[in-house]
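Number of protein chains: 2
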Amino acid sequence: MKGQVAIKDVAAAARVSTKTVSRVLNGVSTVDPTLRRRVEKAIVALDYVPSPAARSLRTGTGSLVGVVVDAIDDPFFSELVSGVEDMAIEFGLDVVVASTRCDARRERQQLLRLLSQRAKGVILAPAGEDDSFLQEYRSSTPVVTVDRAVTGLDSVTVDDRTSSQEAVRHLAAAGHRRIGLLGYDPLFVTSRRRREGYLDALQEAGLRTDELLVPEVPFAGNGVQLALTALLSLSEPPTALFLANARQAPAVVAAVHALGRGDIAMVSFGDFSLADAVRPAISCVNQEPRLMGALAFQRLVQLFTDPRSVPEEHLMTTNFVNRTGVEHSGVNG
Amino acid sequence: MKGQVAIKDVAAAARVSTKTVSRVLNGVSTVDPTLRRRVEKAIVALDYVPSPAARSLRTGTGSLVGVVVDAIDDPFFSELVSGVEDMAIEFGLDVVVASTRCDARRERQQLLRLLSQRAKGVILAPAGEDDSFLQEYRSSTPVVTVDRAVTGLDSVTVDDRTSSQEAVRHLAAAGHRRIGLLGYDPLFVTSRRRREGYLDALQEAGLRTDELLVPEVPFAGNGVQLALTALLSLSEPPTALFLANARQAPAVVAAVHALGRGDIAMVSFGDFSLADAVRPAISCVNQEPRLMGALAFQRLVQLFTDPRSVPEEHLMTTNFVNRTGVEHSGVNG
DNA sequence: ATGAAAGCGCTAACAA
DNA sequence: TTGTTAGCGCTTTCAT
């Protein structure tokens, strides 16, 4: 518990040099089994724990992995972080979290902090558009991007466009002809892709598109409610909504219910708690954020051993959780 | 960006000693303004960033703050962590997250990791019952406990008993005479306190207590569904439920709806997403996890300067979010 | 296969 | 007020 014991104490106790202890610690195979045994015994006896600081100072890289996301209290990202942590613990690495609030400046600041901490690697949900900064950053620290891809970097993302098309297709198949898209923020690639998928589905179903049904809603802030009421007061209001932003989805659902418009069908990109409990139940594109985190971490580990490997853009498949029938089992709806 | 510049480079550029640079860095006031200026200029010019590793090695303490909680993907804790992070960023500290999964061994392991990292302080939601370990730990690292108190340690918690009483009182006032308590796990202090508050409210309303209405549900795992169906199949089933565990609350709500029993009134300890959107809407005891995190951090900062100050048990007030009327505005219910 | 010595970047003592 | 020296705990030459 004291943590005062240093490598030299272990060396003394095992009557070897500090270097031999170091070798044992790092699993160097060219150590005499007898000595190794002595060292291991001394380590246990003294309750020795190596100092990450000293190691980091010497080697230039430590046992910290950074996870930089929009916000850790966003369920999508908190699950993702949890997935990362589960993996990290297996590799004996610690997870430093940092949120960007979708602010490029803050993102930069957080990344630089991690750089000064000599983080061993970074998992990042990129907010800024400044790719050149990331490219340069990448040259000193392995980076794997999640949720949103950046060309030239490793990434783990989902196929936003196709998944969205599939989701909207369900609404069209249910007979809806006026389908709104709520949560479109052109600032984000994902958002733009989801809009494309939405348009694909409309075209596929032979429905005409209508700009009025796709209001722009800033990702941050709570303009969703406004956009929703605007949508509903159109002369030809939508009968169904595609919620393209998992973060805002619960707010929209709540607002829809508060307005007493439970008749409006909704499908969401990204699952969320109680999506199956509201009436009517809400079908979702399931992104599996936890798995996304785990995959990103695995890729990061590969980059540790092979930092110059050619960037991989891993596309995860999504699965559509259809809750169309669910509404009939309740007493409501 | 290179991060290769060390203090000696700055010293050379400013034509002072490294110690003077160090003084400027640490805001020591006894530095000649002229020299200070020169140093600051050099720092900017060289884009110098101090090495936390070296500093930590030398001083024995670094810029890392640990947050050890049950699970970071639990909305309560992810909000709490977010509150901590917001504060930490202001103090130039980094946040390391670690989850315990309510496992005492894992908690211990995570705490020891943070110890070896020489974390400057730890915010902990204690899972283990081994207080003596924590007391000893405390002697080397400042610790502030959240959600659950440990005697002898600083803590930020809510008044579980009184808050629960208030919540259950609302159910009694609505005319319910058979009120169940779901989510009781005697392993946790909070859980026991909430049960007490529940009993207080029953007594206050002159309702008889019934052990059958308070099934024990292990905190981890998903025995809630089973407990729920057991409750509902009693000869005298409850007409209302007090959900004492925010984590399981959404699952219970979903199950209740899946069973088509939207007629059952529910009140939850801890607010959750869409509690206002389900029908009937669910009133909640609001714990303000984000504020809890911020307060814990503030206390931690005090402990940095005064590590031997007498432990404070900060009790946060909760506010009851009454959504009783909400159910009438929807088309359902 | 093992060890001695140097040094990573910083700050605590001490000296000037 | 400022600088010099030493050393935090580890790993990396380089010698043995």
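Residue numbers (this note's numbering), protein chains in the order written: chain Y, 1 to 333; chain L, 1001 to 1333.
Beta carbons are placed, not taken as given, at the ideal position from N, Cα and C, and that holds for glycine.
- [ ] Identify whether Y:Y48 lies in helix, strand or coil by the three-state DSSP scheme.
- [x] Stepping through the first sequence from its first residue, residue 48 of chain Y is reached at position 48. The answer is coil: DSSP assigns Y:Y48 none of H, G, I, E or B.
TODO: Under 8 Å by Cβ, that's how I've got Y:V68 and Y:L134 pegged, so tell me the actual separation to the nearest angstrom.
DONE: Numbered from 1 along the first sequence, position 68 holds the residue referred to as residue 68 of chain Y. Numbered from 1 along the first sequence, position 134 holds the residue referred to as residue 134 of chain Y. With 8 Å as the limit, Y:V68 and Y:L134 do not qualify as a contact, their Cβ atoms being about 11 Å apart.
TODO: May I ask you to report which of helix, strand or coil DSSP gives L:S1283?
DONE: In the second sequence, counting from the first residue as 1, residue 1283 of chain L sits at position 283. In this structure, L:S1283 counts as strand in the three-state DSSP scheme.
TODO: Count the CB pairs spanning the stretch 1228-1239 of chain L and the stretch 1185-1199 of chain L that are closer than 8 Å, and state whether there are at least three.
DONE: no
Open item on the list: Cβ closer than 8 Å: which chain Y residues qualify as neighbours of L:S1233?
Closed with: The sequence position of residue 1233 of chain L within the second sequence is 233, counting from 1. Result: empty, since nearest Cβ-Cβ is about 17 Å, beyond 8 Å.
Open item on the list: Cutting at 7 Å between CB atoms, please list the residues of its own chain near Y:P186, excluding the five before and the five after it.
Closed with: For the purposes of this step, residue 186 of chain Y is taken as residue 186 along the first sequence, with counting starting at 1. Within the same chain, Y:P186 has close Cβ partners R192, E216.
Open item on the list: Between L:A1296 and chain Y, is the shortest Cβ-Cβ distance under 7 Å, so that the two count as touching?
Closed with: Walking along the second sequence from the start, residue 1296 of chain L turns up at place 296. Output row for L:A1296: interface = no.
TODO: Step through the CB atoms of chain L and report whether any lies within less than 7 Å of the CB of Y:G330.
DONE: The residue labelled residue 330 of chain Y in the question sits at position 330 within the first sequence. At Y:G330, the pLDDT of 38 sits below 50, so the modelled position is not reliable; the number obtained from the coordinates is stated separately. Yes, because at least one Cβ of chain L sits closer than 7 Å to the Cβ of Y:G330.
TODO: Just tell me which of L:A1258, L:K1041, L:L1243 has its CA closest to the CA of L:D1271.
DONE: Looking up residue 1271 of chain L in the second sequence gives position 271. Checking every option, the nearest Cα to that of L:D1271 belongs to L:L1243.
Task: L:E1107 vs L:A1127 beta-carbon contact at 7 Å - done: The sequence position of residue 1107 of chain L within the second sequence is 107, counting from 1. The sequence position of residue 1127 of chain L within the second sequence is 127, counting from 1. Yes, the Cβ-Cβ distance between L:E1107 and L:A1127 is below 7 Å.
Task: Every unbroken beta strand (DSSP E) within the stretch 1026-1098 of chain L, with a cutoff of 3 residues, ordered by chain - done: 1064-1069
Task: Of the listed residues Y:I282, Y:P311, Y:F269, nearest to Y:Y184 (C-alpha basis) - done: Here residue 184 of chain Y refers to the residue found at position 184 when the first sequence is read from its first residue. Here the closest residue by C-alpha is Y:F269.
- [ ] Kindly indicate if chain Y contains any beta-carbon less than 7 Å away from that of L:P1186.
- [x] To locate residue 1186 of chain L, count along the second sequence from 1; it is residue 186. No, L:P1186 lies away from the interface with chain Y (no Cβ there is under 7 Å from its Cβ).
- [ ] Taking only the alpha-carbon atoms, compute the straight-line gap between L:A1294 and L:S1063 and give it to the nearest angstrom.
- [x] As a position in the second sequence, residue 1294 of chain L is number 294, starting the count at 1. As a position in the second sequence, residue 1063 of chain L is number 63, starting the count at 1. Their Cα atoms are separated by approximately 17 Å.
Task: Supposed close pair L:A1240, L:L1171 - CB separation, criterion 8 Å - done: Position 240 of the second sequence, counting from 1, holds the residue named residue 1240 of chain L. Position 171 of the second sequence, counting from 1, holds the residue named residue 1171 of chain L. Correct: roughly 4 Å between the Cβ atoms.
Task: Under 7 Å between C-beta atoms of L:D946 and L:L1315 - done: Nothing in the structure corresponds to residue 946 of chain L, since chain L is present only between 1001 and 1333.
TODO: At 7 Å on the CB atoms, spell out the chain Y contacts of L:I1072, in chain order.
DONE: Translated into the one-based positions of the second sequence, residue 1072 of chain L becomes position 72. Those within 7 Å of L:I1072 in chain Y are S78, V81, S82, E85.
TODO: Can you tell me which of the three DSSP states L:K1019 falls into?
DONE: Start at 1 with the first residue of the second sequence, and residue 1019 of chain L comes out as number 19. Helix, per DSSP.
Open item on the list: Please report the distance separating the alpha-carbon of Y:M87 from that of Y:T18.
Closed with: Translated into positions along the first sequence, residue 87 of chain Y becomes position 87. Translated into positions along the first sequence, residue 18 of chain Y becomes position 18. Cα to Cα, the separation comes out at about 31 Å.
Open item on the list: Within the continuous beta strand (DSSP E) that includes Y:I179, where are the two ends?
Closed with: In the first sequence, counting from the first residue as 1, residue 179 of chain Y sits at position 179. Counting along the chain, the beta strand (DSSP E) containing Y:I179 begins and ends at 179-182.
Open item on the list: Since Y:Y48 and Y:V10 should fall inside the 8 Å C-beta cutoff, what is the C-beta to C-beta distance between them, to a whole number of angstroms?
Closed with: For this step, residue 48 of chain Y is matched to residue 48 along the first sequence. For this step, residue 10 of chain Y is matched to residue 10 along the first sequence. So it is a contact: roughly 5 Å between Cβ atoms.
Open item on the list: Do L:S1155 and L:E1313 have their beta-carbon atoms positioned less than 7 Å apart in this structure?
Closed with: Counting from one through the second sequence, the residue named residue 1313 of chain L turns up at place 313. Counting from one through the second sequence, the residue named residue 1155 of chain L turns up at place 155. Against a cut-off of 7 Å, the Cβ pair of L:S1155 and L:E1313 comes out as a contact.
- [ ] Assign Y:S56 to buried or exposed, taking buried as 16 or more other Cβ atoms, counted over all protein chains shown, within 10 Å of its Cβ.
- [x] Numbered from its first residue, the first sequence carries residue 56 of chain Y at position 56. With 16 or more Cβ atoms within 10 Å of its Cβ, Y:S56 is classed as buried.
- [ ] Within its chain, find whatever has a CB closer than 6 Å to the CB of Y:A275; leave out the 5 residues flanking it on each side and keep chain order.
- [x] Walking along the first sequence from the start, residue 275 of chain Y turns up at place 275. Same-chain partners within the cutoff: I282, C284.
Task: Near the ligand ZN: Y:L134 beta-carbon under 6 Å from a heavy atom - done: In the structure shown, the ligand ZN is absent, as is every other ligand, since no ligand is present at all.
Task: Pairwise C-alpha distance: L:A1098 and Y:D94 - done: Counting from one through the first sequence, the residue named residue 94 of chain Y turns up at place 94. Counting from one through the second sequence, the residue named residue 1098 of chain L turns up at place 98. Cα to Cα, Y:D94 sits roughly 8 Å from L:A1098.
Open item on the list: Considering Cα atoms alone, identify which of L:L1226, L:V1016, L:Q1109, L:S1051 is closest to L:G1066.
Closed with: The residue labelled residue 1066 of chain L in the question sits at position 66 within the second sequence. Checked all of L:L1226, L:V1016, L:Q1109, L:S1051; the closest Cα to L:G1066 is L:Q1109.
- [ ] Return the chain-ordered list of same chain residues with a C-beta closer than 6 Å to the C-beta of L:A1205, the five sequence neighbours on each side being excluded.
- [x] Residue mapping note: residue 1205 of chain L aligns to position 205 of the second sequence, counting from 1. Closer than 6 Å at Cβ, skipping near neighbours: A1172.
Open item on the list: Taking the straight line between their C-alpha atoms, what separation do you get for L:P1218 and L:I1179?
Closed with: As a working note, residue 1218 of chain L is residue 218 in the second sequence. As a working note, residue 1179 of chain L is residue 179 in the second sequence. Distance between the alpha carbons of L:P1218 and L:I1179 is about 20 Å.
Open item on the list: My assumption, with CB atoms under 8 Å, is that Y:A14 sits in contact with Y:V39. Please give the rounded CB distance.
Closed with: As a working note, residue 14 of chain Y is residue 14 in the first sequence. As a working note, residue 39 of chain Y is residue 39 in the first sequence. So it is a contact: roughly 5 Å between Cβ atoms.
- [ ] Keeping to the same chain, check which residues put their C-beta closer than 7 Å to that of L:L1212; ignore five residues upstream and five downstream.
- [x] Taking the first residue of the second sequence as position 1, residue 1212 of chain L is located at position 212. The residues are L1234.
TODO: Would you list, in sequence order, the uninterrupted alpha helix (DSSP H) runs of no fewer than 4 residues that lie entirely inside the stretch 159-200 of chain Y?
DONE: 160-173
Open item on the list: Whole angstroms are fine: how far does the CA of L:A1254 sit from the CA of L:R1261?
Closed with: Here residue 1261 of chain L refers to the residue found at position 261 of the second sequence. Here residue 1254 of chain L refers to the residue found at position 254 of the second sequence. If you take the alpha carbons of L:R1261 and L:A1254, they lie about 10 Å apart.
Open item on the list: To be precise: take each residue of the stretch 1099-1119 of chain L, compare its Cβ to all Cβ atoms of chain Y, and keep it if any distance is under 9 Å. Which residues remain?
Closed with: S1099, R1106, Q1109, Q1110, L1112, R1113, L1114, L1115, S1116, Q1117, R1118
Open item on the list: Using a 10 Å radius around the Cβ and a threshold of 16 neighbouring Cβ atoms, would you call L:D1263 buried or exposed?
Closed with: As a working note, residue 1263 of chain L is residue 263 in the second sequence. With fewer than 16 Cβ atoms within 10 Å of its Cβ, L:D1263 is classed as exposed.
- [ ] Compare the beta carbon distance of Y:T190 and Y:R148 with 7 Å and say whether it is the shorter of the two.
- [x] The sequence position of residue 190 of chain Y within the first sequence is 190, counting from 1. The sequence position of residue 148 of chain Y within the first sequence is 148, counting from 1. It is a contact, given that the beta carbons lie within the stated cut-off.
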